[in-house]
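**Q**
Residue numbers (the working numbering), protein chains in the order written: chain A, 1 to 114; chain B, 1001 to 1116.
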């Protein structure tokens, strides 16, 4: 079975500072990897995804993530955050041979302070 | 991108009543939809996979008779919480696949259920 671990439940950052949200996964087979953002009382919005190819994936809102197979990680980064980036961020995986059943990490609450 | 809409966004009901939540794909057809449950400040837990024209596939530990799922058409799936209890209070989120079985997954806005 697959599992996802987001190592930080909360990450406070000052505005315009860089940020990294960590995600590690466990799976015996190949998976697809995703990062989603959730604003309060809303559904999830896809930030970016890794399916294959280049290990550095660029997404919306200036976010990017790097797939590291040897470390089974898919950390999310942004070089300069904005107040509007305050939200909950979820890392997720699904089997390549599957019906897109996502397994989510516990989530990381990103708080941007002025 | 594709749009998935949930209704209602908020619902408050008395214990013992049943509540129906709708999930619609507005601009695409979805043969498969997923229902998730999210407790406060926690992650999303997959409850079931909703398949158009067939029975839903429930995850282990999810009560089929408690959470009735009906995928009546290619654009509509409903989740009915039967005989609701306060512990059923949660944020329910649906998602749908656009563009065939390997297409992108889109999420609804979520429905917050509060059972008094």
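Cβ coordinates follow ideal geometry from the N, Cα and C atoms, glycine included.
#1: Please state whether DSSP places residue 9 of chain A in a helix, a strand or coil.
#2: What do you reckon, are the CB atoms on residue 48 of chain A and residue 57 of chain A nearer than 8 Å?
#3: CA-CA distance, residue 1024 of chain B and residue 1045 of chain B?
#4: From A:16, A:13, A:35, A:11, pick the residue whose C-alpha is nearest to that of residue 105 of chain A; which is it?
#5: In chain A, which residues lie with their C-beta within 8 Å of the C-beta of residue 1069 of chain B?
#6: Mind checking whether residue 1035 of chain B and residue 1050 of chain B have CB atoms under 8 Å apart?
#7: Count the other C-beta atoms from every protein chain shown that fall within 10 angstroms of the C-beta of residue 110 of chain A, then say buried if there are 16 or more, exposed otherwise.
#8: Output the residue ranges of the beta strand (DSSP E) runs that lie fully inside the region 69–96 of chain A and measure 3 residues or longer, sorted by chain position.
#9: Could you say which of B:1032, B:1013, B:1085 lies nearest to residue 1106 of chain B if we only look at CA atoms?
#10: Hey, would you say residue 54 of chain A sits closer than 8 Å to residue 25 of chain A, going by beta carbons?
#11: According to DSSP, which residues form a beta bridge with residue 1007 of chain B?
#12: What does residue 63 of chain A touch in chain B if you count any residue whose Cβ is under 7 Å from its own?
#13: Can the beta-carbon of residue 1082 of chain B be found less than 8 Å from the beta-carbon of residue 1064 of chain B?
#14: List the residues that DSSP assigns as beta-bridge partners of residue 38 of chain A.
#15: By the 10 Å Cβ neighbour count, where 16 or more other Cβ atoms means buried, how is residue 1006 of chain B classified, buried or exposed?
**A** Here's the rundown:
#1: Coil at residue 9 of chain A, not helix or strand.
#2: Taking 8 Å as the Cβ cut-off, residue 48 of chain A and residue 57 of chain A qualify as a contacting pair.
#3: Their backbone Cα atoms lie some 20 Å apart in a straight line.
#4: It is A:35.
#5: Among the residues of chain A, none has a CB under 8 Å from the CB of residue 1069 of chain B; the nearest is roughly 15 Å distant.
#6: Judged by their CB atoms, residue 1035 of chain B and residue 1050 of chain B are nearer to each other than the 8 Å cut-off.
#7: Here residue 110 of chain A is buried, its C-beta having at least 16 other C-beta atoms within 10 Å.
#8: Counting whole runs of 3 or more residues, the region 69–96 of chain A contains the beta strand (DSSP E) stretches 73–78, 87–95.
#9: Selected option, being the one with the closest Cα: B:1032.
#10: Not in contact: residue 54 of chain A and residue 25 of chain A (Cβ atoms no closer than 8 Å).
#11: Beta-bridge pairing links residue 1007 of chain B to B:1022.
#12: Going along chain B, no residue has its Cβ under 7 Å from residue 63 of chain A, so there is no contact; the nearest lies around 16 Å.
#13: Their beta carbons are not under 8 Å apart, which means residue 1082 of chain B does not touch residue 1064 of chain B by this criterion.
#14: In the DSSP output, where bridge partners are listed per residue, residue 38 of chain A has A:44, A:88.
#15: By the neighbour-count criterion, in which a residue is buried when 16 or more other Cβ atoms sit within 10 angstroms of its Cβ, residue 1006 of chain B is buried.
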